[in-house]
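Taking it in order: structure first as structure tokens, then the write-up.
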Amino acid sequence: MITNKQLADLIFPDVTETIDDLEKRYPLRDLPEGAQVTRFAPSPTGFLHTGSLFTSLVCRKVASQSKGVFYVRLEDTDTKREIAGSGEQLLDQLHVFGIDPDEGYLGNHEKGNYGPYVQSKRAHIYKIVIKHLLEEGKAYPCFCTSNDLEELRKEQEAKKLNPGYYGEFAKCRNLSNEEKYEKIKNGEHFVIRFKSDGNHENKIKVSDLVRGEFEIAENDQDIVIYKSDGLPTYHFAHAVDDHFMRTTTVIRGEEWVASLPIHVQLFRALGWKAPKYAHLPVIMKVDEETGNKRKLSKRKDREAACSYFIEDGYLPQSLIMYLMTIANSNFEEWILANKFEHMEDFTFSFKKMSLEGALFDMGKLNFFARELLVKYNKDEFTSLAYDYAKKYNPELQKAIEFDKELFANIMNIDREKANPRKDYEKFGNILDIIGFFYKDRYNEVIKEPLPFNEKFSKEDLIEALTAIKNELKTNTDEQIWFNDLKEIGTRLNYAANNKDYKANPEAYKGNIGDLAEILRITLTGRKNAPNLCVVMYLLGLEETHSGSIITPAGPMEKWLNSSPSQGDIHGFESRWDHQAELYTNTPIYCDGRLFGITLDLKPFFERRRARLTNVKNHSK
RNA sequence: GGUCCUAUGGAGAAGUGGCUUAACUCAUCGCCCUCUCAAGGCGACAUUCACGGGUUCGAAUCCCGUUGGGAUCACCA
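Offset between the first sequence (1-based) and my numbering: plus 3.
Okay, here's the thing in structure tokens:
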């Protein structure tokens, strides 16, 4: 007659310690009343997922505000999926987002008295507990092969029964100790299963910090707790680790709700008090193919990886702020009232968390990101942008290094003032916005057809630009500059103010805004660009062509004197397709410059340095 | 398919039986301001809370059913 003890000794001959030893080695934590011990337990299988960042944010917050402990545990029991080095990376990324654990696995080292914090290094601990379970007859070795299990599943499917290893289907459960002993002696591969005493018909009450109480069927599956590779499965490791690491609050993704009965059962069988659970909703996105919501997917969605936001030049804090609005519905009002500052003072509550997974909202992220970025002065902003560019964006780095002061001045347009512009949400697309300042990016800027208002004919545009070219002078004084523009406008019959124009639109060609827009589009290639007066100054256009702003080179002159309807002068296709009814196939796009205007910026860039300082902002 | 969760506008949501002719934020649109672009100010955007029943003097709020969405059913976590 083989006893459980003998069987356990056969399987784990080296394990001599007991659960009591472990209890002593990992004593209860000495923490103030109400302190929560939370943990983030990632697998080293890749980069930090946005959902994981969300979870760890909540963990960090809950621990901090209760004066508890937040630690990281590496769950590396799946050796097949493990990606070398990703554990360290995970920690680095958390740090970038300002989430630093108090304890646990910290990448290059461990900290704390409840370790090891890497599961593969805890194998001996799991064995102690499993041996105990074996001795108590609450666990047993199972010799079924994957083929056996596959057949079992097919049989169950045919009979329309719940699939799995349970009750009468749990063949190895009924093996005698002699049989088990024999098989092990013979070197048969085995796993260890937990012997479930649950009944699928029974409902148990479970409680969740965000969902409240609900009922769920008892677990009747004899789940694997010890794999043939000698490592535990998640369920078992969770029970053991969170018990001995003295976790008070398990915060994890919603996908774990379904296995809660297993965990509850495990804790009960071990005679341990289960932690509190909080299952967080998953961040979703609408799938473009199906139109349905689905979990943010690392493979399909770039925003699923936290690194994307960093590489695109978002301030980490903006993502954190956005995630917090998902975490607590009252956060948004709070942070608005607090002018986007000191978000660490916000009190998080599980009750204010929505149960449904929110759709990731890029627009809202951008909103927070702009509000955050607008707080920096030009030098802070420039240095942040430069730090980013050096790491992730060589193009931007080149632009900044070309002339750092110029860059700072561009960034300063309408910045250091009461109601600053909010042009930038991230550093990654800055060049798309201000590329026109840089000569070597100019062709990029005018790649698309320029968005001139269709109400103006080509003749109107020529007239306006020619006048501007000849008469408008760059000025650091916005008032003078604009008066000049108005004068030109008035002469060409553009209403000097909007009221006049609105009162009698027929009497005018357009209003001064239209004229400014024509100039803006010509200079910048866009309908909205920073303050034009400053733009002109920074472009250094005043030094060319005896004070005129636009330098017409050969093609322009040629074109201005040619008839608009003749054929393809320079071999470029028409860029005016949107005005097809007027100018179909009219070749007015010359030498890579729209409208035949060659903005030959070279001299400006060569001579700019001297004039870069002292740019006035004339907004009140 | 079984089990669990869930359902308020384009998005995030407040709302727990009468205070709601449904807060607030983002987005969108409009107006105002203005000397352009912004910024700012103001306003519009769910006569209705997935649908169908019921309870009630009264329901977005409670109950039942239907439908939709999500999660989960591994020697993965």
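For each residue, glycine too, the CB sits at the ideal point set by N, CA and C.
query                                                                                                       : result
Beta strand (DSSP E) segment containing residue 195, residue limits                                         : 194-197
Where the beta strand (DSSP E) through residue 210 begins and ends                                          : 206-211
Contact under 9 Å by Cβ, residue 39 with residue 252                                                        : yes
Member of 268, 430, 415 and 529 whose CA lies at the smallest distance from the CA of residue 201           : 268
In DSSP terms, what residue 427 is bridged to                                                               : Residue 427 is not bridged to any residue.
Residue from 528, 378 and 363 whose Cα sits closest to the Cα of residue 636                                : Outside the displayed span of the chain (4 to 623) sits residue 636, for which this structure offers no information.
Extent of the continuous beta strand (DSSP E) run through residue 41                                        : 40-43
Buried/exposed call for residue 19, threshold 16 Cβ in 10 Å                                                 : exposed
Residue 219 - DSSP class collapsed to helix/strand/coil                                                     : strand
As assigned by DSSP and simplified to three states, the class of residue 327                                : helix
Pair within 9 Å by beta-carbon distance, residue 277 and residue 270                                        : yes
Straight-line gap, residue 536 to residue 479 (C-alpha atoms, nearest Å)                                    : 7 Å
Limits of the beta strand (DSSP E) - the one that residue 107 falls within                                  : 106-108
Beta-carbon proximity check, residue 12 vs residue 46, cutoff 9 Å                                           : no
Alpha helix (DSSP H) runs contained entirely in the stretch 125-156, provided each spans 4 or more residues : 126-138
Three-state class that DSSP yields for residue 90 in the structure shown                                    : helix
Expected contact under 8 Å - CB spacing of residue 42 and residue 74 to nearest Å                           : 5 Å
Residue 28 - containing alpha helix (DSSP H), residue span                                                  : 22-28
Pair within 9 Å by beta-carbon distance, residue 195 and residue 145                                        : yes
Residues that residue 457 bridges to, as DSSP identifies them                                               : According to DSSP, which records beta bridges pairwise, residue 457 is partnered with nothing at all.
Extent of the continuous beta strand (DSSP E) run through residue 3                                         : Because the chain in this structure spans residues 4 to 623, residue 3 falls outside the shown range and cannot be described.
Helix, strand or coil at residue 120 [DSSP, three-state]                                                    : coil
Neighbourhood of residue 260 by C-beta, 6 Å cutoff - its chain only, sequence neighbours within 5 removed   : 282
One or two residues paired with residue 289 in a DSSP bridge                                                : 296
Residue 378 beta carbon near the ligand ATP (any heavy atom closer than 8 Å)                                : Looking for the ligand ATP in the displayed structure turns up nothing, as the structure carries no ligands at all.
Residues sharing a beta bridge with residue 73, DSSP                                                        : 41
Sequence-distant residues of its chain with Cβ nearer than 6 Å to residue 474 (five each side left out)     : 491
Per-residue DSSP class, three states only, for residue 491                                                  : helix
Per DSSP, the bridge partner or partners of residue 628                                                     : Because the chain is modelled from 4 through 623, residue 628 falls outside the range shown and cannot be assessed.
Inter-residue CB distance, residue 629 and residue 531 (contact presumed, cutoff 8 Å)                       : Outside the shown range of the chain (4 to 623) lies residue 629, about which nothing can therefore be said.
Extent of the continuous beta strand (DSSP E) run through residue 63                                        : Run containing residue 63: none in the beta strand (DSSP E); it sits in the alpha helix (DSSP H), 53-68.
Beta-carbon proximity check, residue 212 vs residue 279, cutoff 9 Å                                         : yes
Exposure of residue 131, with buried meaning 16 or more beta-carbon neighbours within 10 Å                  : buried
Euclidean distance between Cα positions of residue 5 and residue 187                                        : 13 Å
Unbroken alpha helix (DSSP H) run spanning residue 267, endpoints                                           : 263-273
CB contact flag (residue 513, residue 456, <9 Å)                                                            : yes
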